[in-house]
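Here's the structure, in structure tokens; my notes come after.
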Amino acid sequence: MIPEKDAWGVDTVIKHPHKHKPWSKKWLTLPLLVIALCYTSRPTWLPKGCDHTLDTQSNQPNAFSSNGRTGLVQWDGKSLVVKGQRIFLWSGEFHTFRLPSPELWGDILEKTKAAGFNAISVYVHWGLVNPAPGKLDFSGFRALDPLFKLAMKSGLWVVLRPGPYINAEVSGGGIPHWVTSEVAGHLRTNNTNYARAWEPYVDAIADILVKGNWQIGDTTGGPVIAVQLENEYLATHSPGHKYKAPYMAALARRFVDRGIVVPLTYNDAYMGGNYATGEIGQCEEGEEEGGENGSHGKGRCGVELYGVDSYPQRFDCSNPDVWNPVVTTYHDFHMKTNPHEPLYIPEFQGGSFDAWGGGTKHGWAGAGYEACRQLTGPEFSQVFNLGLWANNAKMINLYMLYGGTTWGYMPFPGVYTSYDYGAGITETRRLTSKYAELKRQGLFLRSVPDFYATDVVGNSTDSDHHPIVNLDNPKVFGTLLRNEATGAEFYIVRHADSTSHETVGFRLNLAGTLAPNSVESIPLTIPSITLSGRASKVLLRNVSYGSSRLAWSTASILYAGKMGNRDVLFLHGPSSEGHEFAVPLQKQSSGSARISQHVSVSQHTLSNSREFSVVTVLPGSVGLVTIFETSSQLVLFADSDTAGNFWAPVLAPQGKDSLMEPNPYANFFQFGTNSTVLVGGPYLVRDAQLSSKGELSLRGDLEKESMLTVIAELGAVRRVFWNGVPVDTMLHDSSASTSGVLRFLVFPRLRVADIEVPKLTDWRYQDSLPEVQEGYDDSKWMVANKTSTNIPERPYFGENVLYGCDYGFCEGAVVWRGHFTGSSETTGARLVINGGLVFAASIWLNGEFLATTYGNSSNYHNNIPETDQVYHFPANSVIQGGNNVLTVVQDNMGLEMTVDWTADFSKSPRGIRGYELIGGSFTEWKVQGKEGGYTGYKDKLRGVQNEGGLYGERQGWHLPGFDDSNWTKSDISNGLPNNQAGVGWFRTTFSLKIPHAYDVPISFEFENKPEPYRALLFVNGWLMGRYIANLGPQYKFPIPEGILNHRGENTVAIAIWSMENAQLSPNLKLTIEGIFDSGYDFSSPL
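If you're matching positions, the sequence shown starts at 15 in the working numbering and goes up one per residue.
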């Protein structure tokens, strides 16, 4: 056993060898900077090495903390401060390795920015970039440099999460398979052997960031503002193995010593305080039991910003209408644990993974991702995200915003190929109703800097007689957040029973608050504020829009700011409800108080002589309504569905490489620009550019004919282009117009009927299981004769260790051949086979099929990762006195992630854990898996987890260039010949002719009927799907453009593993998942 390092053998004092570089105060001369500075305290620059000097009781607003290595990312107890400005970090999780077409990464980033997010959070998969000892590969889909460049182009900050352990529902939690078998010491500890494994990887990550200048800079730099250490781990001796905390300290020190200057963050798995308290350089591992409701260590062990993840609905989508309640304790935990930092949620539930199994209401499995999208849909996103806001969280990352595909042999056993996650952006990259809700939230956050520096004042239940938030209905719960510097107030309200479907009305008593008007309660002109079903609202008071202030509003803000010299306010609310808001007095030129059938305006003078225009919106108001439009004001209202169809593209040189601009952050809202236009109607608006000639160039996507509604600076837009084409060449000179609201009609260039996909025909077939045939020569196979293993779960019985990973075969199928000399007493074999949940193994004796043993998922709560069975030999099947071969074809469903805080669960015992010949003894075992194993795998393009050990995979039958001309012509629907158990391959080619400038997501769809077979779906050599026909739920497999050639020939190869002697009739077709006339440049995303 490799000795552990002494618990305190690591130097736990984090050194900062990199000199602090003072920020160059090169202020941005942009229109809204003065406004932004109203809500941004001027920083007090901290001396080198000064950590958390802010006195939490102090009233000094300019006392920010930093890590002493950079002043460009600072913080206090309210929010993050980036380049001297407060931000609300509103981030979405995106795993580039789950979209192995780098040419589509920009599409996801543009959709992220379009929804109002200002950051992405990105895991790096250690096992993919470090597939074998001494091999590091950051090429192709593993690359980081293109992602960072795209983030700069899109104007998105990056929180990089390189692990080394990431969890993420991937095999081994992202730990390389070779590490799980070759490292003798405990994983995720300060073990010397494990450190030697992860150190080159961490060095490579740091070198990419430092040498590429991808960390945030002043006049140069990149988008990375933080690097996360590890993921969801404890700081105590137990449960699990000791020396977790010293490992964390060593990891932090390694990053810092290699030049990482941005803050090092941490994601706690629960509100446990692991690495949250004490000094940054202190690191003492707790001796008492850790875990939820347990203890934690002392000191931060290098962690500089602490966060906690939260999945309140957990991961059961089988009953999507059943909610757990809102979590209400984040703020209290934060104030007790780390009040000198922002409340940070590095992972908040943006969906759910789904397990193998079929149908809803089957327990924790197999409901399908549409059920997960329903469980965590727009209502959930509204109630629970605003629940975080009510707890004053100002750093939030939604996991996932885009889930993608866990292709190849990447998944851990609990999930199938799709990682759609029920996210706001589907696996096929479609936008959903949840995305629209997230966009409404994101544009609110972008528009309201008053919200970035609030304190929790109180709520509606903090006193029996005089609660801070006074509501007249106990069925409603409210929390007040206030910005003490500006007086802005935010009342976040929801049902007291957050799971309630009820529709309730209520009034808010404002007496005693600090806002400068004397309205005692709202609303004034409608009976009540309404919560319709599962919903939450932000009621606003004294909130700025441009240089004006909104007195109060029961409607939500979509946009608030300046367009030219005008203050622009765009509010929205559900059409089924009444709404009310008050703005400074506006004189209507017509003198009429009625704007439309459902909208009216009345004038009110308060007791302090302040005059307001109160806008009343009655239930039934649909569409966009202009309330006021003058040379100084534009006030708009729309129902929330209409508002969800609006976009607010940032006016910045996004078509350019911002790294070549004098200000590399020119594309970042708040830092390079505060200008925008509003565009309603189209499926997607990616960006906008406004020339000095008044030409507004919009780039986006259309799914159907759409009416463009453009809201811009008065007189600034003279002509509009959509994807480079003039929208209306007869448009009048808008500089003479009195309206900043313009409308145009745009059409897709082609009809939907003009785009189609072919049928899959002309299949060719070849048997792929010669290993079971009589006379098969396995003399060149590896002899499986090891008698020891680093895998802690030892074999039950049998002389040799038969674990695939110990022989280099960790991915996909492994074939075992056990030799023995037969006798009349040899009647069967007992085998214990471990492949993880949902595995299967088929057994043959001398070419005769015996049986298939089946694992199971959590379907019906029946977990079966391992089976123990006796396989009886048929009469006359044993060769008396001669060589007999028992062949086992076993599927490996991936390695476990950390379980119960014990990382060595990733050293999973995949293989035969026990073998016994009844009436004899095995003389030898041979093993074969992936060609070359994990040390010598052949396919460097697709990587180590793309192929397994089936004969066809070893021969390259999945690759496009393979010559199958001598194969038998047989349609895939015929199944395997003679209805026999076995493995066969089908191949065909087809061509696509998708027009340029069209985004057409395409899936391969198996006929969804239960049959006893498994299938591997290879598209142009990429393993893009594992289908289990007798279990499900996935039967449709999206293939992204880039993997699929949309304008040329494609090769599809299907491995069919028939697990019984039965007739199979698999069918496969291409399915179009959407047709979009797109402004995205697929050929040159950078």
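All C-beta atoms in this analysis are idealised placements derived from N, C-alpha and C, irrespective of residue type, glycine included.
- Pairing Thr-568 with Phe-595 gives a Cβ-Cβ distance under 8 Å.
- Here Pro-392 is buried: its Cβ has 16 or more other Cβ atoms, across all protein chains shown, within 10 Å.
- As for any beta strand (DSSP E) of minimum length 3 sitting wholly inside the stretch 130-181, the runs are 133-137 and 171-175, ordered along the chain.
- Cβ contact annotation for Phe-834 (same chain, cutoff 6 Å, sequence separation greater than five): Asn-898, Leu-931, Gly-934, Phe-936 and Thr-937, in chain order.
- When C-alpha distances from Lys-794 are compared across Gly-587, Ser-627, Glu-945 and Gly-372, the shortest belongs to Glu-945.
- If you look at His-191, you'll find it in the alpha helix (DSSP H) that goes 191-196.
- Judged by DSSP secondary structure, Asp-985 falls outside any alpha helix (DSSP H); it is assigned neither H nor E.
- Fewer than three pairs of CB atoms, one per stretch, sit closer than 8 Å, so the stretch 76-93 makes no contact with the stretch 119-135.
- C-alpha of Thr-1003 to C-alpha of Lys-707: approximately 51 Å in a straight line.
- The continuous beta strand (DSSP E) containing Leu-648 extends over residues 647-653.
- Annotation: Leu-900 is outside any alpha helix (DSSP H); the continuous beta strand (DSSP E) that includes it extends over 897-904.
- Per DSSP, His-251 is not a residue of any beta strand (DSSP E), being assigned neither H nor E.
- Lys-921 carries a coil assignment under DSSP once its states are collapsed to helix, strand and coil.
- DSSP places Ile-805 outside both helix and strand once states are collapsed to three, so it counts as coil.
- For Lys-408, the enclosing beta strand (DSSP E) has its first and last residue at 407-416.
- For Leu-248 against Lys-258, the beta-carbon gap comes to about 6 Å, under 8 Å, which counts as contact.
- Distance from the CA atom of Val-597 to the CA atom of Ala-381, rounded to whole angstroms, is 48 Å.
- Between Glu-516 and His-509, the CB-CB gap stays under 8 Å.
- In this structure, DSSP gives Arg-210 a helical state, which the three-state scheme calls helix.
- Rounded to whole angstroms, the gap between the alpha carbons of Asp-792 and Ala-1043 is 31 Å.
- Burial check for Leu-764: the Cβ neighbour count within 10 Å stays below 16, so the residue is exposed.
- The DSSP-derived three-state label of Lys-800 is coil.
- Taken atom to atom, the span from the alpha-carbon of Val-552 to that of Tyr-449 is near 19 Å.
- Contact between the stretch 399-417 and the stretch 435-453 is present: 3 or more CB-CB pairs across the two stretches fall below 8 Å.
- A residue is called buried when at least 16 other Cβ atoms come within 10 angstroms of its Cβ; Thr-279 meets this threshold and is buried.
- Considering only Tyr-423, Tyr-208, Glu-967 and Thr-801, the residue with the shortest C-alpha distance to Asp-918 is Tyr-208.
- About 5 Å separates the beta carbon of Ala-827 from that of Leu-964, a gap short enough to meet the 8 Å contact definition.
- 8 Å or more divides the Cβ of Pro-277 from the Cβ of Asn-556.
- Distance from the CA atom of Ser-535 to the CA atom of Ile-1057, rounded to whole angstroms, is 59 Å.
- Under the three-state reduction of DSSP output, Pro-339 falls in the coil class, being neither helix nor strand.
- Between the stretch 946-958 and the stretch 460-478 there are fewer than three inter-stretch CB-CB distances shorter than 8 Å, so the stretches are not counted as touching.
- Distances from the CA of Glu-299 to each of Gly-311, Phe-1051 and Phe-102 were compared; the closest alpha carbon is that of Gly-311.
- Under DSSP, Arg-496 forms a beta bridge with Asp-469 and Glu-503.
- Met-424 carries a coil assignment under DSSP once its states are collapsed to helix, strand and coil.
- In this structure, the straight-line span from the alpha carbon of Ser-645 to that of Ser-546 is close to 37 Å.
- Residue range 1027-1033 is occupied by the beta strand (DSSP E) that includes Ala-1029, with no alpha helix (DSSP H) assigned at that position.
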